[in-house]
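Remarks on the structure that follows.
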Amino acid sequence: MSAVPTVTAALPAPGFWRRARHHRSFVIGALLTALLLAAALLSLVWTPWPPYEMAMDATLQPPSTQHWLGTDAYGRDLASLLLVGARASILVGVIAVGIGLALGAALGLLAAARGGWVEEAVMRLADFTFAFPALLLAIMLTAVFGPGIVNAIIAIGIFYIPTFARVTRASAKAVWAREYILAARACGKGPWRITLEHVLPNIASVLIVQATIQFALAILAEAALSYLGLGTQPPQPSWGRMLAESQTLMFQAPLLAVWPGLAIALAVLGLNLLGDGLRDLLDPRMARQR
Numbered sequence: 000m001s002a003v004p005t006v007t008a009a010l011p012a013p014g015f016w017r018r019a020r021h022h023r024s025f026v027i028g029a030l031l032t033a034l035l036l037a038a039a040l041l042s043l044v045w046t047p048w049p050p051y052e053m054a055m056d057a058t059l060q061p062p063s064t065q066h067w068l069g070t071d072a073y074g075r076d077l078a079s080l081l082l083v084g085a086r087a088s089i090l091v092g093v094i095a096v097g098i099g100l101a102l103g104a105a106l107g108l109l110a111a112a113r114g115g116w117v118e119e120a121v122m123r124l125a126d127f128t129f130a131f132p133a134l135l136l137a138i139m140l141t142a143v144f145g146p147g148i149v150n151a152i153i154a155i156g157i158f159y160i161p162t163f164a165r166v167t168r169a170s171a172k173a174v175w176a177r178e179y180i181l182a183a184r185a186c187g188k189g190p191w192r193i194t195l196e197h198v199l200p201n202i203a204s205v206l207i208v209q210a211t212i213q214f215a216l217a218i219l220a221e222a223a224l225s226y227l228g229l230g231t232q233p234p235q236p237s238w239g240r241m242l243a244e245s246q247t248l249m250f251q252a253p254l255l256a257v258w259p260g261l262a263i264a265l266a267v268l269g270l271n272l273l274g275d276g277l278r279d280l281l282d283p284r285m286a287r288q289r
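Quick note on numbering: numbering that gives the first Met the number 0 labels position 18 of the sequence shown as 17, and the sequence is numbered without any gaps.
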C-alpha cells in the first residue's frame, strides 16, 4: 500500500506573499506590529532620555524639541517611557500566549485523539478554568505572592489554556474525520503519529491566527493589570501604569493619558488586523478564490 501523504494546508499556499501584499488588513496589521517590535528593540539600545531619570524642574512639560512627547509628573521623558513600556507588553504577550498555546494545544490534541472520558475530562477542566478570568487569577496570585509581572504572566497564561484547548480540539476533530486519516490508520499508524504527522500540520494555521489575536488581548490584559497595580511594578515603565499615573492629571496634562492610550490602541489594532489577514491568507478556500 502506498504511503499516505501529509496534507499541509497550514503552510502558505503558492503566491502567499503576492496575495499578502494586496491584502489591506494584513499589510496595515503587519506594519503596526512591526512598529511595536521596532519600538521594543530600539529601547534596548537607545532612548531619547534615560527612562528612569527624574527631573523635578521639568515636570509636565509639553512636547518640544527636547522632549518630543513631553514629560510626566516626575520629569521623565514620555517618549522614552513609551519605548521601554513596549518591552513589557511584548514580554507578557509572548510568554503568556506561549504558555496557553503549548499547554492548551497539547490538551486539545489529546482530547481529539483519545476521545471518550479523556475528551470529556479535558473539556470540563477547560470549563472550570474559564470560571477564573485573568484579572481574578491575578488578584488571587497577588494576595498570595504579591504583585508583579511574573504573576500577571502566569494569570494570563493560565486563562489562555482552555481557550487554545477548545480551538485545538474543535479543529483537530474536524481533521480526524477526513478520509486521509482513515487511510493513515489503514497503513497501521498509531494515534500519536497521526496527530504529529497529519493533524497538527493541518491545524497550525488556526493556532497561528488564534495566537496572534490572543497576543492583542494579552497586551490589553497586561495594561489593565498594571493600571490596577497588579502587573508591572515601578520603576519598570508600563503603558497601563502610565495611564494610572495620569488619571489625577487629566485636566492639567491630558497628553499623559493620550500617548499610552494611543500606543495600546495601535498595538491591539495592529495585531487584530494581522490576525484577520492571516486568517484569510492561510485559508485554502480563500487562496483558491484569488
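By construction, the Cβ of each residue, glycine as well, lies at the ideal position given by its N, Cα and C atoms.
Tell whether a beta-carbon distance below 7 Å holds between residue i and residue j.
i      : j      : result
ALA164 : LEU106 : yes
ALA39  : ILE98  : no
ARG168 : ALA111 : yes
THR194 : LEU108 : yes
PRO146 : LEU229 : yes
LEU277 : THR32  : no
ALA231 : ILE155 : Here residue 231 turns out to be Thr, not Ala, going by the sequence shown. Going by C-beta atoms, THR231 is not nearer than 7 Å to ILE155.
ALA85  : LEU34  : no
GLY92  : PHE250 : no
VAL174 : ASN201 : yes
TRP67  : ALA78  : yes
Answer with buried or exposed for residue i, where buried requires no fewer than 16 other C-beta atoms within 10 angstroms of its C-beta.
i      : result
ALA37  : exposed
TRP116 : exposed
GLU52  : exposed
PRO161 : buried
MET55  : exposed
PHE158 : buried
ASP76  : buried
GLY69  : buried
Per DSSP, what are the beta-bridge partners of residue i in this structure?
i     : result
ASP76 : THR70
Counting only the same chain and skipping the five closest in sequence on each side, list residues whose C-beta sits under 7 Å from that of residue i.
i      : result
ALA29  : LEU273
LEU82  : ALA38, LEU41, SER42, THR46
PHE15  : LEU280
TYR223 : In the sequence under discussion, the amino acid at residue 223 is Ala, which differs from the Tyr named in the question. The residues are LEU134, GLY239.
ILE27  : LEU272
May I ask which residues mark the beginning and end of the alpha helix (DSSP H) holding residue i?
i      : result
GLU298 : Only positions 0 to 289 of the chain appear in the structure, and residue 298 is not among them; the question remains open.
GLU244 : 238 to 245
THR128 : 115 to 129
MET139 : 133 to 144
SER204 : 199 to 226
SER42  : 23 to 44
THR162 : 148 to 175
LEU261 : 254 to 280
ALA182 : 178 to 185
Got a sec? Which residues, its chain only, sit under 8 Å from residue i by beta carbon, not counting five neighbours each side?
i      : result
GLU244 : ASP71, ALA72, LEU255
THR128 : ILE157, PHE158, ILE160, PRO161
ARG184 : ILE193
PHE131 : MET139, ILE157, PHE158
In chain order, what residues of the same chain have a beta carbon less than 6 Å from the beta carbon of residue i, not counting five sequence neighbours either side?
i      : result
LEU265 : LEU31
VAL208 : GLY274, LEU277, ARG278
PRO259 : TRP238, MET241, LEU242
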